[in-house]
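J.:
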Amino acid sequence: AHNGLWAYGKRTGEFDLPRMYQTKDYATIKTIYKDLKLPNIKIVLTGTGRVANGAALVLEDMGIKKVNALDFVTNDYDQAVFTQLNSFYYTARKDGKVFDSAMDFYQNPTEYKSDFHHFVKHADIFINGIYWDNDAPAFFTKEDMKSDAFNIKVIADVTCDIAPVSSIPSTLKATTIPDPVFGYNPEKEKEDAPFLDSGIDMMTIDNLPNELPRDASESFGEMFIEHVLPELENENSSIIEHATLCKNGRLGSYFQYLSDYVNTVS
Numbered sequence: 262a263h264n265g266l267w268a269y270g271k272r273t274g275e276f277d278l279p280r281m282y283q284t285k286d287y288a289t290i291k292t293i294y295k296d297l298k299l300p301n302i303k304i305v306l307t308g309t310g311r312v313a314n315g316a317a318l319v320l321e322d323m324g325i326k327k328v329n330a331l332d333f334v335t336n337d338y339d340q341a342v343f344t345q346l347n348s349f350y351y352t353a354r355k356d357g358k359v360f361d362s363a364m365d366f367y368q369n370p371t372e373y374k375s376d377f378h379h380f381v382k383h384a385d386i387f388i389n390g391i392y393w394d395n396d397a398p399a400f401f402t403k404e405d406m407k408s409d410a411f412n413i414k415v416i417a418d419v420t421c422d423i424a425p426v427s428s429i430p431s432t433l434k435a436t437t438i439p440d441p442v443f444g445y446n447p448e449k450e451k452e453d454a455p456f457l458d459s460g461i462d463m464m465t466i467d468n469l470p471n472e473l474p475r476d477a478s479e480s481f482g483e484m485f486i487e488h489v490l491p492e493l494e495n496e497n498s499s500i501i502e503h504a505t506l507c508k509n510g511r512l513g514s515y516f517q518y519l520s521d522y523v524n525t526v527s
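In my numbering, the protein residues as written are 262 to 527.
1. Looking at C-beta atoms only, is the number of pairs between the segment 393 to 412 and the segment 420 to 435 that lie closer than 8 Å three or more?
2. To the nearest angstrom, report how far apart threonine 437 and histidine 263 are at their CA atoms.
3. Starting from valine 342, follow the beta strand (DSSP E) in both directions and report where the run begins and ends.
4. Would you mind reading off the limits of the alpha helix (DSSP H) that contains threonine 307?
5. Applying the 10 Å Cβ sphere with the 16-neighbour rule, what's the burial state of leucine 490?
6. Pair every Cβ in the segment 446 to 464 with every Cβ in the segment 408 to 417, then say whether three or more of these pairs are closer than 8 Å.
7. How big is the Cα-Cα spacing for glycine 265 and lysine 374?
8. Express the C-alpha separation of lysine 382 and tyrosine 445 in angstroms, rounding to a whole number.
9. Give the DSSP-derived three-state secondary structure of isoleucine 413 in the structure shown.
10. Beta-carbon separation of leucine 299 and phenylalanine 276 under 7 Å?
11. Let me know if glycine 357 comes out buried or exposed under the rule of 16 or more other beta-carbons within 10 Å of its beta-carbon.
12. Helix or strand or just coil, what does DSSP make of aspartate 356?
13. Work out the CA separation of glutamate 494 and glutamate 448 for me, nearest whole Å.
14. I'd like to know if the segment 346 to 364 and the segment 277 to 294 are in contact, where contact means that at least 3 CB-CB pairs between them fall below 8 Å.
15. Go to isoleucine 290, then tell me how far its alpha helix (DSSP H) extends in each direction, as first and last residue.
16. By alpha-carbon positions, which one of Trp267, Met323 and Asp339 ends up nearest to threonine 292?
17. Restricting to runs no shorter than 4 residues, where is the alpha helix (DSSP H) found entirely within the segment 349 to 394?
18. Go through its chain and collect everything with a Cβ distance to aspartate 339's Cβ below 8 Å, but skip five positions before and after it.
19. Pull up the distance between the alpha-carbon of aspartate 385 and that of glutamate 487, whole angstroms please.
20. With phenylalanine 333 as the anchor, note down where its alpha helix (DSSP H) starts and where it stops.
21. Taking the alpha carbon of asparagine 468 as the reference point, which residue from Ala454, Asp453, Leu457 and Pro441 has its own alpha carbon closest?
22. Under DSSP, the alpha helix (DSSP H) around isoleucine 501 begins and ends at which residues?
23. Which partner residues of glycine 324 appear in the DSSP bridge assignment?
24. Which residues does DSSP pair with valine 442 in a beta bridge?
25. Given a threshold of 16 other Cβ atoms within 10 Å of its Cβ, counted over all protein chains shown, does glycine 510 qualify as buried or as exposed?
26. Counting only beta-carbon separations shorter than 7 Å, does methionine 406 have a partner in chain C?
27. Contact between the segment 306 to 314 and the segment 266 to 273: three or more CB pairs below 8 Å?
28. Contact defined as beta carbons within less than 8 Å: I believe phenylalanine 485 pairs with arginine 272. What is the distance between those atoms, to the nearest angstrom?
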């Protein structure tokens with residue numbers, strides 16, 4: 262989320278944000294957010310898992326108002342807003358029946374099509390935080406991106422599945438923390454320089470937690486102490502058994518499917 266807003270600021274010159282990796286920690290970033298003055302931009306965020314909810318928290322820390330999906334596409338605002346979508350809002354059944362089960366979508370993704378076009382007309386920034394199945398529909402096509410109705414200027418693809426098998430066809434590559442953005446020229450369907458009026462800016466860093474190593478390390482340590490250490494002291498831990506790749510020179514019980522591979526290289 263932060264890098265998506267950073268890219269939009271670089272593109273438009275309307276505001277300025279530091280890069281996260283240039284700051285001490287997220288607490289420092291939050292003090293910067295307090296003085297942030299944003300234009301009346303609209304941000305669409307997809308996903309409801311830990312990644313997307315983390316992005317939503319950042320947007321809220323920036324002072325960006327969260328609105329529901331219907332209001333997002335029908336109302337104008339005098340402040341920056343975002344909406345957070347689950348699969349109900351961005352997919353539809355191919356057979357025309359009512360989408361009434363997210364589980365069915367996850368189990369049978371080929372029976373669904375994208376219904377995201379309502380949002381590309383209104384959003385300035387798209388933050389993609391879903392888990393994507395290779396058989397699920399992409400949000401839009403390269404042809405869609407050529408349309409005058411495609412208003413999105415910056416895409417922060419946290420999911421970062423690389424095209425052509427991807428939820429976003431313009432995610433041509435993963436970017437790096439030092440060089441986070443590339444431009445995508447929709448007419449040429451090729452990579453271009455970033456921050457051009459003719460292009461769409463793509464933020465596709467695939468190792469975002471590394472931007473805040475202090476926070477990432479502390480969070481990992483806390484989770485390890487809380488959830489893993491007690492299991493190591495439990496001789497009959499099913500969690501440790503599920504996670505044990507190899508023990509006493511043999512594959513763990515849940516990794517026997519690797520036997521053929523091990524036999525070919527041993």
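Don't be surprised by glycine CBs; every beta carbon is placed ideally from N, CA and C.
T.: Straight from the coordinates:
1. With the cut-off at 8 Å, the segment 393 to 412 and the segment 420 to 435 touch.
2. Roughly 15 Å between the two C-alpha positions.
3. Unbroken beta strand (DSSP E) run through valine 342: 342 to 346.
4. Careful: threonine 307 lies outside any alpha helix (DSSP H), inside the beta strand (DSSP E) at 303 to 307.
5. exposed
6. yes
7. 26 Å
8. 18 Å
9. Annotated three-state conformation of isoleucine 413 is coil, per DSSP.
10. yes
11. Exposed is the label assigned to glycine 357, since fewer than 16 other Cβ atoms lie within 10 Å of its Cβ.
12. Look at aspartate 356 here: in three-state DSSP terms it is coil, with no helix or strand label.
13. 59 Å
14. Using a Cβ-Cβ distance cut-off of 8 Å, the segment 346 to 364 and the segment 277 to 294 are not in contact, since fewer than three pairs of beta carbons, one from each stretch, lie closer than that value.
15. 287 to 294
16. Met323
17. 363 to 368 and 378 to 381
18. Asn301
19. Between aspartate 385 and glutamate 487, the C-alpha separation is close to 40 Å.
20. 330 to 335
21. Taking only the C-alpha atoms, the option nearest asparagine 468 is Pro441.
22. 499 to 504
23. Glycine 324 is not bridged to any residue.
24. Met464
25. exposed
26. Protein chain content of the structure displayed is limited to a single chain, and chain C is not contained in it.
27. no
28. At roughly 39 Å, the Cβ-Cβ gap does not stay under 8 Å, so phenylalanine 485 and arginine 272 are not in contact.
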